[in-house]
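These notes concern the structure reproduced below.
2 protein chains.
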Amino acid sequence: MKLLEDKILTDGIILPGNVLKVDSFLSQQIDAPLMEKLAEEWYRLFENEKITKIVTIEASGIGIACIAALKFGVPVVYAKKMRGANPSSDYYSSKIVSYTHGTSYNVVIPKMHISDSDNVLIIDDFLANGSALRALIKICENAGAKVCGVGIAIEKTYQGGADKIRNMGYRIESLAKIKKMDDIGGIEFC
Amino acid sequence: MKLLEDKILTDGIILPGNVLKVDSFLSQQIDAPLMEKLAEEWYRLFENEKITKIVTIEASGIGIACIAALKFGVPVVYAKKMRGANPSSDYYSSKIVSYTHGTSYNVVIPKMHISDSDNVLIIDDFLANGSALRALIKICENAGAKVCGVGIAIEKTYQGGADKIRNMGYRIESLAKIKKMDDIGGIEFC
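Protein chains in written order, with the numbering used here: chain A, 18 to 207; chain B, 18 to 207.
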């Protein structure tokens, strides 16, 4: 999606450690009108899937997921990060291991908010190694919900997470796909 | 706002300790179409204020703030909770003390995302004792931004936080105001 690629080129900042900072429009500050354009594109791509619920993960996924949910006319449920305690039986949960930070934590969704009658569209801002997305898919599958698709704003294709999940049979639609990125050469899209 | 009051009466759950659980439509699960109705009402109330930015706090405020931001055609910036470390000079910060949990933490907004040219509308899901709202107001004031108003979904008037802040001169528009609540008598609105 050219609009998003252009925004990344003008406002994204590449930090050491291969980090793309898009804090000014997608993360801590959210450009709501731009997010609406992304939402319209996901709606065009998934409108025939009879989506009943959008699933995302806190915190940076929530805004974009809610704007997408408006287009589909459905609710959003977001997975919470739960550090320390083990989740009770009231929750579907899945563990995320962060090799970068050397930590692990559970993400949880209350059982009352997702069921086998749901057709889920997962929405998130970033997809790199895919650990958060795999956790969300696992929660949906444990609930018996059907994952009809995944909408991602920015995919870093060179980290390989997305293609592994595509190979499992899931449809992932990323609106900007970064093939290569460094602080000298800049950003190259697929 | 009758629509919201009705939703609270049908789907809200009163838990011990005077907790109102609205998890099925306002917190972990977000009824996006309902939130759009709330956003339209805030737009009606604040449309003459030349709002340039919506400010909220993670995580449960983000969804409703983004939907409101769409109506105003402006970005959202949310305050992050920062536990442990002290914020660097790149952030405006304010401390929140939770007497319930016996903890305190800083909430922060990067200085680059708010400035003295902003007319801010603060949006949040709940207002009870007002500690989170006071922290957001303090951050805006430190940035030199003008707080033009506050939009709240559910205010618990009997906890007194809102009126103290109104007495400081801020305009708070709460769409459901709970005067009294207990697990026997149910919920009474103002």
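The beta-carbon is built from N, C-alpha and C at its ideal position, and this holds for glycine as well.
Residue-level contact by beta carbon fails for B:Y187 and chain A, as no gap is shorter than 8 Å. Taking 8 Å as the Cβ-Cβ cut-off, the stretch 20-53 of chain B approaches chain A at D40, S41, F42, Q45, Q46, I47, D48, A49, P50, M52 and E53, given in chain order. Looking at the DSSP output, A:F63 bridges to nothing. Selection B:P33, B:L32 and B:L37 evaluated against B:E22 yields B:L37 as nearest (Cα-Cα). In chain order, D142 and A170 place their CB closer than 7 Å to the CB of A:L43, counting only its own chain and leaving out the 5 sequence neighbours on each side. Scanning chain A for C-beta atoms nearer than 7 Å to the C-beta of B:I79 yields A76, I79 and G80, reported in chain order. At a cut-off of 8 Å between beta-carbon atoms, B:G90 makes contact with chain A.
Assignment of B:F143 by DSSP, reduced to helix, strand and coil, places it in the strand class. Annotation: A:A149 to B:S132 spans about 33 Å, alpha carbon to alpha carbon. Taking a C-beta distance under 8 Å as the contact criterion, A:V91 and A:T69 qualify as a contact pair. Taking CB atoms only, A:I84 has a neighbour in chain B less than 8 Å away. Under DSSP, the beta-bridge partners assigned to A:K197 are A:E205. Neighbours of B:H130 in chain A, taken as residues whose beta carbon is under 9 Å from its own, are D40, S41, Q45 and Q46 in chain order. Note that the stretch 118-134 of chain A touches the stretch 98-106 of chain A; at least 3 beta-carbon pairs, one per stretch, sit closer than 8 Å. The closest CA to that of A:I31, considering only A:K173, A:I182, A:V93 and A:L138, is found on A:K173. Unbroken alpha helix (DSSP H) stretches of 4 residues or longer found wholly inside the stretch 44-108 of chain A: 49-63 and 79-89, given in chain order.
In this structure A:H118 is not in contact with B:Q45, their Cβ atoms being roughly 24 Å apart against a cut-off of 8 Å. Under the three-state reduction of DSSP, A:Y175 is assigned to helix.
In this structure, A:L138 places its C-beta atom within 8 Å of the C-beta atom of A:E66. Any Cβ of chain B closer than 8 Å to the Cβ of A:P104 would place that residue at the interface, and such an atom is absent.
By alpha-carbon distance to A:I79, the top candidate from A:I201, A:G147, A:R61 and A:A56 is A:A56.
Interface criterion met: the Cβ of A:K97 is under 8 Å from a Cβ in chain B. Taking C-alpha positions only, B:S191 is separated from B:F206 by approximately 12 Å. Under the three-state reduction of DSSP output, A:S191 falls in the strand class. Per the coordinates, the alpha-carbon of A:M185 lies some 45 Å from the alpha-carbon of B:A152. Per DSSP, the continuous beta strand (DSSP E) segment holding A:K38 begins and ends at V36 to K38. Among the residues facing chain A, B:V94 is included, as its CB has a counterpart in that chain under 8 Å away. In its chain, beyond the 5 residues on either side, F42 and L51 have a beta carbon closer than 7 Å to the beta carbon of A:K24. Your pair A:I140 and A:I81 checks out as a contact, with CB atoms roughly 6 Å apart and the cut at 8 Å.
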